[in-house]
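Going by our numbering, the first residue of the sequence shown is number -8, and it counts up by one from there.
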Amino acid sequence: MNFIRQLLNTLVYSNLFIAACAVLMTRQTAMLWLPAYPDHQLLSFVFSSTLTAYCFHYYFTSPSPQHAQRNAWNKKGRILLVILFVLGLAGTIYWFIPLINHWPLLVPAAIATFLYTAPQLPQPIFIRLRKYAYGKTIFLALIWTYVTAVLPLLLADELWTPDFNLYISSRYFFIYCICILFDERDREQDRMNGVKSLITYLSGKGIRRLFIFSWLAHIILTLFLLTGGLTITNILILLAPALLLLLVYPRAQQKPTDLFYYLVLDGLLALSALLLLVARI
């Protein structure tokens, strides 16, 4: 049991798990809308760049009481974070080369990802950004939505349809729900560090209302996809993580362990992709 826990800690806190989730979420977009796309190049690029971004982010993240387990692992696994960052960066550069013709679509995502982490850096110019991070939660959800839902559709050069807009909006609101729970956990720490965002501004009641609104928006937009050719099975699979999220929402309010956030909540992001893969076997 101790070995399994250590293995989970390594997979999660090394950021390999979240990188795999990003790949599955990107693959989901292809399974639903692009049978012949994306190929291994985009998926490999997404994995490498996600691993790079998260290793960079957590290397510079200051320790906090809310992240006791992650703090302890980061302290022991700091060298591994650096190694994975270097490997991820090498992979990102390697897989960027075949996609270089699409650089106008890829580079903005890289810049946006850096700007999300920038306030964590110790240099004064970046510290000043903390007081301007009002849309931190929205910003992160937009980055994830762009990489995993928008980018595959743009690179495939498919005829854009209204169904794509519905799907992208649906994914955004679900990802945003997850981001709300993460930022709600970190609200007090963000306030202490001078990070201003919508979540630090709202009261607990306001955050709950925002979560419920986003959750309902995801459900409604997903149901509208029934008119776009998706099967009932696909719709139910897309809705399953949201229903589970509602079940675990009370647990999130109790500020559980780090693994709950980085394994359960992050895992919900990729759950529908796993279910779609199983349904196709």
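Yeah, the Cβ is synthetic: ideal placement off N, Cα and C, and Gly gets one too.
It should be emphasised that the depicted structure is a prediction, and the values quoted were computed from it without experimental measurement.
For the putative contact between residue i and residue j, defined by C-beta atoms under 8 Å, what is the C-beta separation to the nearest angstrom?
{"i": "residue 104", "j": "residue 13", "result": "Going by Cβ atoms, the distance from residue 104 to residue 13 rounds to 11 Å, so no, they are not a contact pair."}
{"i": "residue 254", "j": "residue 8", "result": "7 Å"}
{"i": "residue 152", "j": "residue 17", "result": "Not a contact, Cβ separation roughly 19 Å."}
{"i": "residue 230", "j": "residue 213", "result": "6 Å"}
{"i": "residue 241", "j": "residue 262", "result": "Wrong, their Cβ atoms sit about 19 Å apart, outside the cutoff."}
{"i": "residue 89", "j": "residue 32", "result": "5 Å"}
{"i": "residue 87", "j": "residue 97", "result": "7 Å"}
{"i": "residue 128", "j": "residue 188", "result": "6 Å"}
{"i": "residue 154", "j": "residue 195", "result": "Contact doesn't hold; Cβ gap of about 37 Å is too wide."}
{"i": "residue 173", "j": "residue 252", "result": "6 Å"}
{"i": "residue 250", "j": "residue 15", "result": "Incorrect: roughly 19 Å between the Cβ atoms, too far for contact."}
If you reduce the DSSP assignment to three classes, tell me which class residue i lands in.
{"i": "residue 62", "result": "helix"}
{"i": "residue 27", "result": "coil"}
{"i": "residue 135", "result": "helix"}
{"i": "residue 274", "result": "Residue numbering for the chain in the displayed model covers -8 to 272; residue 274 lies beyond these limits and cannot be assessed."}
{"i": "residue 200", "result": "helix"}
{"i": "residue 86", "result": "helix"}
{"i": "residue 244", "result": "coil"}
{"i": "residue 177", "result": "coil"}
{"i": "residue 257", "result": "helix"}
{"i": "residue 154", "result": "helix"}
{"i": "residue 220", "result": "coil"}
{"i": "residue 148", "result": "coil"}
Rounded to the nearest angstrom, what separates residue i and residue j at their Cα positions?
{"i": "residue 271", "j": "residue 75", "result": "32 Å"}
{"i": "residue 190", "j": "residue 171", "result": "7 Å"}
{"i": "residue 143", "j": "residue 264", "result": "15 Å"}
{"i": "residue 166", "j": "residue 260", "result": "7 Å"}
{"i": "residue 217", "j": "residue 27", "result": "22 Å"}
{"i": "residue 234", "j": "residue 145", "result": "29 Å"}
{"i": "residue 1", "j": "residue 62", "result": "13 Å"}
{"i": "residue 40", "j": "residue 106", "result": "15 Å"}
{"i": "residue 247", "j": "residue 36", "result": "33 Å"}
{"i": "residue 52", "j": "residue 176", "result": "15 Å"}
{"i": "residue 136", "j": "residue 159", "result": "7 Å"}
{"i": "residue 82", "j": "residue 256", "result": "27 Å"}
{"i": "residue 64", "j": "residue -7", "result": "15 Å"}
{"i": "residue 202", "j": "residue 193", "result": "12 Å"}
{"i": "residue 34", "j": "residue 200", "result": "35 Å"}
{"i": "residue 258", "j": "residue 95", "result": "30 Å"}
{"i": "residue 47", "j": "residue 70", "result": "12 Å"}
{"i": "residue 49", "j": "residue 181", "result": "15 Å"}
{"i": "residue 101", "j": "residue 210", "result": "30 Å"}
Nearest to residue i by CA position, among the options, is which residue?
{"i": "residue 198", "options": "223, 100, 244 and 52", "result": "244"}
{"i": "residue 208", "options": "240, 163, 241 and 248", "result": "163"}
{"i": "residue 156", "options": "24, -1, 204 and -3", "result": "24"}
{"i": "residue 4", "options": "194, 221, 88 and 59", "result": "59"}
{"i": "residue 132", "options": "168, 183, 65 and 215", "result": "168"}
{"i": "residue 99", "options": "134, 92 and 68", "result": "134"}
{"i": "residue 79", "options": "47, 42 and 250", "result": "42"}
{"i": "residue 204", "options": "161, 223, 48 and 228", "result": "161"}
{"i": "residue 149", "options": "6, 21, 10 and -5", "result": "21"}
{"i": "residue 19", "options": "250, 141 and -5", "result": "141"}
{"i": "residue 11", "options": "38, -5 and 30", "result": "38"}
Against chain B, does residue i count as a neighbour if the rule is that its beta carbon must be under 8 Å from one of theirs?
{"i": "residue 17", "result": "No chain B appears in this structure, which consists of one protein chain only."}
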